Amino acid sequence: MKKLITAFMLVILVFSAFAALSSPNVKAQTLEARILSYRWYVSPTSDITEWVGDLVAVGEVQNTGTATIGNVFILGNAYNSSKSLVDSWEEPTLVQNILPGEKVPFIVDFLPEDSPTRDQSWVSSVTNVTLSILTVVNSTEASYSGLTVPASSLAGFDNSGAYTVTGTVENTGSQTTGDTWVITTFYNAAGSVVALNYTDYLTSSLSPRSEVSFTATPADNTAAISNEIASYSVIPQSEPLISGGSPTPSGGSPTATATSPATSTSTHPSSTPSKLNLTVTYAVVIAVVVIAVALAVLMLIRPRRKHGQFEPPPPPPPPPPPP
4 MKKLITAFML VILVFSAFAA LSSPNVKAQT LEARILSYRW YVSPTSDITE
54 WVGDLVAVGE VQNTGTATIG NVFILGNAYN SSKSLVDSWE EPTLVQNILP
104 GEKVPFIVDF LPEDSPTRDQ SWVSSVTNVT LSILTVVNST EASYSGLTVP
154 ASSLAGFDNS GAYTVTGTVE NTGSQTTGDT WVITTFYNAA GSVVALNYTD
204 YLTSSLSPRS EVSFTATPAD NTAAISNEIA SYSVIPQSEP LISGGSPTPS
254 GGSPTATATS PATSTSTHPS STPSKLNLTV TYAVVIAVVV IAVALAVLML
304 IRPRRKHGQF EPPPPPPPPP PPP
């Protein structure tokens, strides 16, 4: 009977451990990111690249995990027609402290001085560029969330072949920010990224209940790119007012608005998800199971006595010899 009870207790402990595995109360938050879409081309300007003629890729990453991500590093690989790798480069996203579900843009600029040939001679041979998640970095500090771009202030229109977005950044929080700027992502009708804009600093400080206007057009714009744009999103960013050390850009939530349908579409492959799992639940479960098994073994092999049984008294001393 004791053995049956011990086995039953062991089963309960094991099932409890695996039930804890599925319980959200014991799971640590995870960091996950996914590349949603991207486009690569040879830059005709140096608006968002270091040099005219750089190979560049622009795209968007989404935080698909349950925790805020500090930053995501994107790895770009460039291949020629023989499918040989001719250059690789990595860049972080343009926005730090990415909230769960948030989408943020990135730029991968393949710098010629860091390429195998140390120039741009290889760029013309590139026939394909693939992007993947290289690293997902944990967030160590919170961003200032007081910056907003009211949807009512936004307007998107074609201005002589250059798609133009105008709007206003408002400081609805309680802190005065330092340098403030806006990142604009442009999409086609399929929702894929076709272009980006990284504004110059709009103002050196923005006090609470103050605002600053901005204008954004696609970097490296052509009439074909502007004609393809169907929607956009804007993300306000700022640095702390107090200088010192390496300031962490802060920003509010992105604001998006749709425009007229595009006349052409373009789709690009998306990378597979990259996951940095910080949960320790599996280790806890294994520890519980090991302890349960050890206790059960001890209970089974430990000498046991029947209920009410005592050690027999020592035998009486022998009788004295007769006289």
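Okay, so the sequence shown: first residue is 4 according to our numbering, each after it adds one. Beta carbons: idealized from backbone N, C-alpha and C, even for Gly. Everything numeric in this text was worked out from a predicted model, so none of it was measured.
Taking 3 residues as the minimum length, the beta strand (DSSP E) runs contained wholly in the region 168–192 are 180–190, in order along the chain. For Ile232, the three-state secondary structure derived from DSSP is coil. In the three-state reduction of the DSSP assignment, Asp90 falls in the strand class. DSSP, reduced to helix, strand and coil, places Pro211 outside both helices and strands of the structure shown, so it counts as coil. Contact between the region 146–153 and the region 120–136 is absent: fewer than three C-beta pairs spanning the two stretches fall below 8 Å. For the pair of segments examined, the region 203–218 was found not to touch the region 57–73: the number of CB pairs separated by less than 8 Å stays below three.
Residue range Val129 to Asn141 is occupied by the beta strand (DSSP E) that includes Val139.
In the DSSP assignment, Ser40 falls within the unbroken beta strand (DSSP E) covering Leu34 to Val45.
Taking C-alpha positions only, Leu209 is separated from Ile245 by approximately 13 Å. In the DSSP assignment, Leu199 falls within the beta strand (DSSP E) that extends over Val196 to Tyr201. Taking the Cα of Ala198 as reference, the smallest distance to any Cα among Lys106, Trp43 and Asp161 is reached at Trp43. Per the C-alpha coordinates, the member of Gly176, Ile77 and Val168 positioned closest to Tyr190 is Val168.
The region 225–233 makes no contact with the region 83–96; the number of CB pairs closer than 8 Å stays below 3. Comparing C-alpha distances from Ser155 to each of Phe217, Gly170 and Glu94 shows the shortest one belongs to Gly170. In the structure shown, the three-state DSSP call for Glu116 is helix. Here the alpha carbon of Ser84 sits roughly 52 Å from the alpha carbon of Thr179. Under DSSP, Thr206 takes part in a beta bridge, and its partners are Thr183.
Judged by DSSP secondary structure, Gly79 falls within the beta strand (DSSP E) whose first and last residues are Ile72 to Asn83. Apart from the 5 residues on each side of it in sequence, Trp184 sits with its Cβ closer than 6 Å to the Cβ of Thr202, Tyr204, Leu205 and Gln240 in its chain, given in chain order. Look at the beta carbons and you see the region 218–228 not touching the region 137–145: under three pairs across the two are nearer than 8 Å. Taking a contact as a CB-CB distance under 8 Å, the pair Gly164 and Gln123 does not count as one, their CB atoms being some 27 Å apart. Judged by DSSP in its simplified three-state form, Ala154 adopts helix.
Val139 and Ala227 have their C-alpha atoms spaced approximately 34 Å apart.
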